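Colleague: Have a look at this one before I ask anything.
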Amino acid sequence: MLQMTESRWRWSRGWLLLLVVMVAIILRFWQINSLPPGFHDDESFEGLEALRILNNPEYRPIFLTGSSGVPPANIYANVVMFRLFQLFGGEPGPLAMRVTAALFGVLSVAVLFGLGREMTFQAQARARLSAAFPLFAAAALTILRWHVHFSRIGIEPILVPLLWAMALWLLFRGWRTGDWISFAASGVAAAATIYTYQAAWIIPLILVLVTLHLMIRDRVWRRPQGAAPLETDGVLQTRRLRGVLLAAMTGFILLTPLLLFFWDNWDLLAARPDQVLVVAKGGRSAAARILDNGWSMVKMFGPLGAPGDDNLRRNIPGAAVLDFWLAIPFYLGLLVAVWRFRFPVYAAVLLSLVGLALPGVVSTSAPISIAAWA
34 MLQMTESRWR WSRGWLLLLV VMVAIILRFW QINSLPPGFH DDESFEGLEA LRILNNPEYR
94 PIFLTGSSGV PPANIYANVV MFRLFQLFGG EPGPLAMRVT AALFGVLSVA VLFGLGREMT
154 FQAQARARLS AAFPLFAAAA LTILRWHVHF SRIGIEPILV PLLWAMALWL LFRGWRTGDW
214 ISFAASGVAA AATIYTYQAA WIIPLILVLV TLHLMIRDRV WRRPQGAAPL ETDGVLQTRR
274 LRGVLLAAMT GFILLTPLLL FFWDNWDLLA ARPDQVLVVA KGGRSAAARI LDNGWSMVKM
334 FGPLGAPGDD NLRRNIPGAA VLDFWLAIPF YLGLLVAVWR FRFPVYAAVL LSLVGLALPG
394 VVSTSAPISI AAWA
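The numbering of the sequence shown is the working numbering, which starts it at 34 and goes up by one.
Here's what the structure looks like:
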């Protein structure tokens, strides 16, 4: 009977996931050629750079020097989509760029489901996550206004939740199984965040903190007293340590070209921070502004009043990140995560929420909805 119930649940879960993905596709592709209207200057810059790369075999930048410096991942993704459009008789341009963003948005929903499932495997018996948790997480992301919005704009912020979920999923999977491919792939995803969006540069640090939490929780540096070298727990702990080192080495190797570029172009590394950080501006003390920004970022999630981002390109001016029906489970989940912080899956949620909001806290644009990716 139990096996029949589990089999039916797996069957139902598969169909429900398919339904969630179909809704995600509809919300992100419906009238994508006209909604949102217009074409922002950031999209124009990245589209022109993608066209230049497409048409000039000698132009292969590792970092874009215009527009205060732009990491190249989204531009190269647009190059691939431009080529695909050409192959099927289409034209490179705004539509192709927005299709790229929409695909990243749909893929984020599927990857978040995978992360959610892995988190249910990770949770200890006293902090067990519901089997329905992955579906609820994917469904929530499917209908979140800001995620749908950025899935329809051809710039790089939409890659942040995708790469964050992918890196964390692979890290947790590698930790559970000792699989070296998962650890290496987590390092690849972490390195990719550095090539994607400057506000995402904090993600590798979040992964380091999550890894330290896992290591402290499981005490991987200690072999159980009296354990034989081939004993299962000891072997898994050894594979975990080696996997973490492999992930770090993989990420460092992939970042080496960009690090060398910044070594020779330090001004480009500092250009964007100099432009947006509150510490780079005059007026009130940086500490006071950071405190104000922090409170603005907290209020931004809502749902009461109009505490949200006022920038029309990023948000319905003033609208909170979450409506009433999403805010209730969000705050309840936040309380549970704080209470169960000693468990790595809950710690990862809080560390990600705080870490991904930090760029908004220290910027001159708070509250900024792009920082709501957690």
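Don't be surprised by glycine CBs; every beta carbon is placed ideally from N, CA and C.
Since we're looking at a predicted model, the values are computed, not measured.
Does V354 come out as helix, strand or coil in the three-state DSSP assignment?
Modeller: If DSSP states are grouped into helix, strand and coil, V354 belongs with coil.
Colleague: Hey, how far is the Cα of L136 from the Cα of S318?
Modeller: So the two alpha carbons sit approximately 42 angstroms from each other.
Colleague: Can at least three beta-carbon pairs, one atom from the segment 158-176 and one from the segment 72-92, be found at a separation below 8 angstroms?
Modeller: Result no; under three Cβ-Cβ pairs closer than 8 angstroms.
Colleague: Less than 9 angstroms between the beta carbons of I235 and L391, yes or no?
Modeller: Yes, the pair counts as a contact, with Cβ atoms nearer than the cut-off.
Colleague: I'd like the span of the alpha helix (DSSP H) that includes S77, first residue to last.
Modeller: Segment D74 to N88, the alpha helix (DSSP H) holding S77.
Colleague: For V277, which option in R250, L292 and L245 has the closest C-alpha, if you only look at C-alpha atoms?
Modeller: The residue with the shortest Cα to Cα distance from V277 is L245.
Colleague: So for S396, helix, strand or coil by DSSP?
Modeller: S396 falls in the strand class under three-state DSSP.
Colleague: Check whether the segment 102-121 touches the segment 226-243, counting contact only when three or more Cβ pairs, one atom from each stretch, lie closer than 8 angstroms.
Modeller: Result yes; three or more Cβ-Cβ pairs closer than 8 angstroms.
Colleague: Using the Cα positions of F118 and F62, report the straight-line distance between them to the nearest angstrom.
Modeller: Approximately 16 angstroms, taken between the alpha carbons.
Colleague: Suppose the cutoff is 7 angstroms on Cβ atoms and the five residues either side in sequence are ignored; what does the same chain contact list for L291 look like?
Modeller: The answer, listed in chain order, is I95, F96, I227 and Y228.
Colleague: Please say whether L355 and I176 have beta carbons closer to each other than 9 angstroms?
Modeller: No, the Cβ-Cβ distance between I176 and L355 is not below 9 angstroms.
Colleague: With contact counted as at least three CB pairs below 8 angstroms, one residue from each stretch, are the segment 136-145 and the segment 192-202 in contact?
Modeller: The segment 136-145, when compared against the segment 192-202, does touch it at the 8 angstroms Cβ threshold.
Colleague: Candidates S45, T271 and Q155: which alpha carbon is nearest Y379's?
Modeller: Here the closest residue by C-alpha is Q155.
Colleague: Less than 9 angstroms between CB atoms is the rule here; does M248 satisfy it with respect to chain C?
Modeller: Reference to chain C is not applicable here, since this structure consists of a single protein chain.
Colleague: So F16 and E151 are supposed to be a Cβ contact under 8 angstroms. How far apart are they, rounded?
Modeller: Within the shown structure, residues of the chain are numbered from 34 to 407, placing residue 16 beyond reach of any answer.
Colleague: Leaving out five residues on either side along the sequence, give the residues of the same chain with a beta carbon under 7 angstroms from the beta carbon of P105.
Modeller: Within the same chain, P105 has close Cβ partners P94, I95, F96, L97 and Y228.
Colleague: Flag this pair as yes or no: are the beta carbons of R322 and V311 separated by less than 9 angstroms?
Modeller: Yes, these two residues count as a Cβ contact at 9 angstroms.
Colleague: Quick one: is L365 buried, meaning 16 or more other Cβ sit within 10 Å of its Cβ, or exposed?
Modeller: Burial call: exposed.
Colleague: Counting C-beta neighbours from all protein chains within 10 Å, is the total for V371 16 or more, i.e. buried, or is it exposed?
Modeller: That one is exposed.
Colleague: For the alpha helix (DSSP H) containing V103, list its first residue and its last residue.
Modeller: Unbroken run through V103: none, as it is neither H nor E.
Colleague: So is L263 buried or exposed if we call it buried at 16+ other beta carbons inside 10 Å?
Modeller: Low local confidence applies: a pLDDT of 40 at L263 is under 50, so the model's placement there is unreliable, and no value is given.
Colleague: For L49, name the three-state secondary structure that DSSP assigns.
Modeller: If DSSP states are grouped into helix, strand and coil, L49 belongs with the helices.
Colleague: Taking the alpha-carbon positions, what's the R250 to A281 distance?
Modeller: R250 and A281: Cα-Cα distance of roughly 20 angstroms.
Colleague: Would you kindly work out how many angstroms separate the C-alpha atoms of L279 and G267, rounded to a whole number?
Modeller: If I take the Cα positions, the gap works out to 18 angstroms.
Colleague: Which ranges does the alpha helix (DSSP H) cover as unbroken runs of at least 4 residues, wholly within the segment 266-342, from first to last along the chain?
Modeller: Listed in chain order, the complete alpha helix (DSSP H) runs (minimum 4 residues) inside the segment 266-342 are 299-309 and 319-333.
Colleague: Give me whichever residues DSSP pairs with L97 in a beta bridge.
Modeller: In DSSP, L97 forms a bridge with V103.
Colleague: Look at A173 and P350 and say whether their C-beta atoms are less than 9 angstroms apart.
Modeller: No, the pair does not count as a contact, with Cβ atoms beyond the cut-off.
Colleague: Between the alpha carbons of R138 and F183, how many angstroms are there, rounded?
Modeller: The residue you asked about is not Arg; residue 138 is Gly in the sequence shown. Rounded to the nearest angstrom, the two C-alpha atoms are 8 angstroms apart.
Colleague: Can you say whether A90 is buried or exposed, counting buried as having 16 or more other CB atoms within 10 angstroms of its CB?
Modeller: Residue 90 is actually Pro in this sequence, not Ala. P90 is exposed by the Cβ-count criterion.
Colleague: Using C-beta distances below 7 angstroms, list every residue in its chain close to F78, excluding the 5 sequence neighbours before and after it, in chain order.
Modeller: So the qualifying residues of the chain are G99 and S100.
Colleague: What is the residue span of the alpha helix (DSSP H) that Q155 lies within?
Modeller: Where Q155 is concerned, the enclosing alpha helix (DSSP H) stretches over P127 to Q155.
Colleague: Please work out which residues of its chain come closer than 7 angstroms, Cβ to Cβ, to G211, disregarding the five sequence neighbours upstream and downstream, and give them in chain order.
Modeller: Cβ neighbours of G211 beyond the five flanking positions: L269, R272, R273 and G276.
Colleague: Which stretch, first to last residue, makes up the alpha helix (DSSP H) that contains D251?
Modeller: Run containing D251: I236 to D251, per the alpha helix (DSSP H) assignment.
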